[in-house]
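Comments concern the structure below.
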Amino acid sequence: ESTISDTDIKATARTRIFTRMKTIKKITRSPTTTTTLIIFIMAMVNMIPPRSHTYTHAVEALSTTRSTSTTTTMVETEVPPLLNVPVWSMATLNGDNDDHDGCNTNVDNESEVHARSSRRTTNMNLLTYATPVSIRPYRLYALGLYKETKSRNNFLREKTCVLQLLSEDHISCVRLLGGMSGKDVHKEDELSSVHGIELQDLAAAAAAKGNGDDVDVPVTDADGGELPKVLPGCVRYLKLSMLGDNAIDCNDGGEGSHDVVLCRVDKMWTSTTTATTATGVQANQKLPHSLMTDRLRELGLITEQGRIAPSTME
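What the sequence shown shows, in my numbering, is residues 217 to 530, in sequence order.
Laid out in structure tokens, this is it:
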């Protein structure tokens with residue numbers, strides 16, 4: 217677009233007129249005819265372009281743009297969109313007899329056996345079908361629970377869970393949480409022995425201290441319900457309670473891959489990481505970054521369908 221502004225036109229005209237006036241002075245001093253002077257002045261006036269010429273190129277460009285058309289073609293596909301969503305883990309309480317059902321619990325001594333008998337253990341999964349659906353009067357979340365899993369069974373029995381928004385610090389345990397069943401592996405033990413992650417009590421530290429710092433005493437929330445333990449360093453922790461008595465089957469015939477449950481958010485917690493130097497000075501607190509599905513795809517940990525990818529290590 218080569219548009220000439222009004223300011224440029226006026227400046228150019230003033231310059232040309234000033235130059236021509238100098239010439240007129242010279243002409244008027246020399247012998248010349250009146251006709252010659254009139255012709256010269258008319259030529260000078262004609263050098264100022266009409267205002268309408270200023271926008272000629274802009275109008276032409278606009279007309280060209282408006283005349284351009286775009287055609288969109290719709291093609292049917294069976295491929296769902298690859299959404300980038302947060303990665304969650306649902307912590308649930310195992311049943312009273314779940315620690316004696318044959319899965320490897322790695323219990324090696326009598327004190328650990330006593331600990332298991334005095335508190336219920338925790339199971340965890342990997343969850344990407346979780347979304348907020350309402351904020352008033354209560355915050356509500358909808359969860360998609362894969363059928364035939366221990367997490368689903370635990371949740372439907374207890375009607376409560378702790379939903380953990382994972383951070384990138386938890387990438388190392390993604391295969392354990394999402395690729396192995398709690399029916400075959402005791403995940404609380406595996407997190408400790410294989411990944412060096414000790415689950416933490418989510419309730420206030422004062423609750424544990426009130427019981428003499430005894431880690432074997434079940435930790436409860438303010439409502440008196442026992443809480444599962446949680447992974448340290450999550451971005452958010454949401455205590456959820458199921459609304460209604462039954463899950464919604466995603467298929468009327470009962471053959472759907474998932475159930476849907478609607479949950480109320482009872483409480484929320486967050487966490488920060490504080491680094492301490494060798495001199496004991498604490499650095500600035502840092503909030504963990506949420507783990508997203510795009511990151512897991514980039515690392516080859518999940519497929520485009522959202523399933524745990526086969527391990528390349530033999």
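By construction, the Cβ of each residue, glycine as well, lies at the ideal position given by its N, Cα and C atoms.
| Asked | Found |
| --- | --- |
| Rounded separation between N339 and S367 - CA only | 7 Å |
| Whole-angstrom distance between V477 and S527, CA atom to CA atom | 31 Å |
| Separation of D482 from L443, as counted between CA atoms | 12 Å |
| Proximity below 8 Å, CB of T347 to CB of W304 | no |
| Beta-carbon spacing of E520, L382 below 8 Å | no |
| DSSP three-state assignment for A227, whether helix, strand or coil | helix |
| Stretch-stretch touch, CB-based, cutoff 8 Å, three pairs: the segment 441-455 with the segment 409-416 | yes |
| Cβ-based neighbour list, H269, same chain, cut-off 6 Å, excluding 5 preceding and 5 following | Residue confidence is low: H269 scores 49 on pLDDT, short of 50, so the model does not pin down where it sits. No coordinate-derived value is stated. |
| Inter-residue Cα distance where the pair is L379 and R355 | 14 Å |
| Straight-line gap, R480 to V349 (C-alpha atoms, nearest Å) | 10 Å |
| Where L443 falls: helix, strand or coil (DSSP) | coil |
| Residue nearest to A307 in terms of C-alpha spacing, selected from T287, K238, L342, G460 | L342 |
| Buried versus exposed, by CB contacts within 10 Å (16 or more), R336 | buried |
| Reduced DSSP secondary structure (H/G/I, E/B, other) of E520 | coil |
| Contacts around H386, its chain only, beta-carbon distance under 7 Å, and the 5 residues preceding and following it disregarded | L447, L507 |
| Three-way DSSP call (helix, strand, coil) for N300 in this model | coil |
| Boundaries of the beta strand (DSSP E) in which S487 is found, first to last residue | Looking at the DSSP string, S487 is not in any beta strand (DSSP E), and its letter there is neither H nor E. |
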